[in-house]
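Counting from 0, one number per residue, gives the positions in the sequence shown under numbering that gives the first Met the number 0. Working notes, beginning with the structure itself.
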Amino acid sequence: MLEVRKIDTFYAGSQALFGVTLSIEQGQVATLIGRNGMGKTTTVNSIMGIIPVRKGEIWFNHQRINGLPSFKIATAGIGLVPEGRQVFPSLSVRENLIATAANIAGSDDPWILEKVLEFFPGLKQRLDNPGSQLSGGEQQMLAIGRALMINPRLLILDEATEGLAPLVREEIWSRLGNLKDEGQSILVIDKNLEALIQLADHHYIIEKGRIVWNGGSDQLRADPSLKTRYLGV
Ligand code: ATP
């Protein structure tokens, strides 16, 4: 479904990604993990066309997407929950949710407002409140709900549990588990290794802009040296 092939990405003269390669199959949950500043967000922003890639290719659903503007990449079916949530602060919860609504993949049971509110019941009482008045947890649920409203083929979450209270984090992990059970393809970036190991099928470790390891949850769990070497835990 998604194939990132040997991409190099630069910020002005400084290279941030070196030949990054990763792929996600239909229905798979994959993670991209690594310490701060290693290139996770840069990889996401390269996939989304927010930063241009200088070398390599990105394919999504049989279409080459690198070089396309971000909105075209979104309409090809990639829903992004960006780092820092970035909900529209002056729009109400309802307006945030319907702003991007579409049924891109032609789903029989698409995400519509009512379905998102059933999935995140906490948003129901907040429908008419502006995004700026929500708690961090509510904003995160709104950001995920908004990404689901495009009915993405692939959902990407960049640090979706960062800065949230433990109970809210648990709810987010549990919702991501529900999405996986429904067959949603997901790329997750997060620091909570144990939750990632439980949720995902495949993991990529990034170090200084290079993918240095990839493998399944059992392999990651079985090799504590990976954690000390690349994740600092
Ligand atoms: P974090 O978990 O802290 O968000 P990350 O793994 O997502 O880390 P990136 O944000 O992708 O890391 O950063 C990768 C490298 O690119 C770092 O060396 C960072 O300093 C650099 N970088 C990131 N954004 C910019 C920018 N806008 N301009 C210049 N360099 C940048």
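Virtual Cβ for every residue (Gly too), placed ideally from N, Cα, C. These figures come from a predicted structure and were not determined experimentally.
Residues near residue i by beta carbon distance below 6 Å, same chain, minus five either side
i           : result
residue 112 : 96
residue 209 : 17
residue 2   : 22 and 58
residue 182 : 26
residue 168 : 160
Chain-order list of residues whose beta-carbon lies under 7 Å from that of residue i (same chain, five-residue window excluded)
i           : result
residue 137 : 121, 122 and 125
residue 84  : 138, 139 and 142
residue 146 : 78, 79, 80 and 154
residue 62  : 75
residue 24  : 0
residue 207 : 37
Anticipated Cβ contact below 8 Å, residue i with residue j, distance rounded
i           : j          : result
residue 245 : residue 8  : Coverage of the chain is limited to positions 0 through 232, which leaves residue 245 absent and any answer about it impossible.
residue 188 : residue 20 : That pair is no contact at about 17 Å.
residue 205 : residue 33 : 4 Å
Simplified DSSP assignment, three categories, for residue i
i           : result
residue 54  : strand
residue 8   : strand
residue 67  : coil
residue 242 : Any answer about residue 242 is impossible in this case: the structure gives the chain only from 0 up to 232.
residue 209 : strand
residue 32  : strand
Residues near residue i by beta carbon distance below 8 Å, same chain, minus five either side
i           : result
residue 163 : 135, 136, 139 and 171
residue 130 : 86, 87, 88, 89, 90, 91, 92, 95, 138 and 141
residue 133 : 86, 92, 125 and 141
residue 242 : Residue coverage of the chain in this structure runs from 0 to 232, which leaves residue 242 outside it and unanswerable.
Contact between the segment 88-108 and the segment 172-179 (3+ Cβ pairs under 8 Å) | no
Report yes or no: do the segment 212-229 and the segment 42-56 share at least 3 C-beta pairs separated by less than 8 Å?
-> no
Counting only runs of 4+ residues fully inside the segment 153-198, write out the alpha helix (DSSP H) ranges in chain order.
-> 165-180 and 192-198
Spell out a yes or no on whether the segment 148-165 and the segment 195-203 are touching, meaning 3 or more CB-CB pairs, one atom from each, closer than 8 Å.
-> no
With a floor of 4 residues, list each alpha helix (DSSP H) that falls wholly inside the segment 74-160, ordered by position along the chain.
-> 92-98, 112-118 and 135-147
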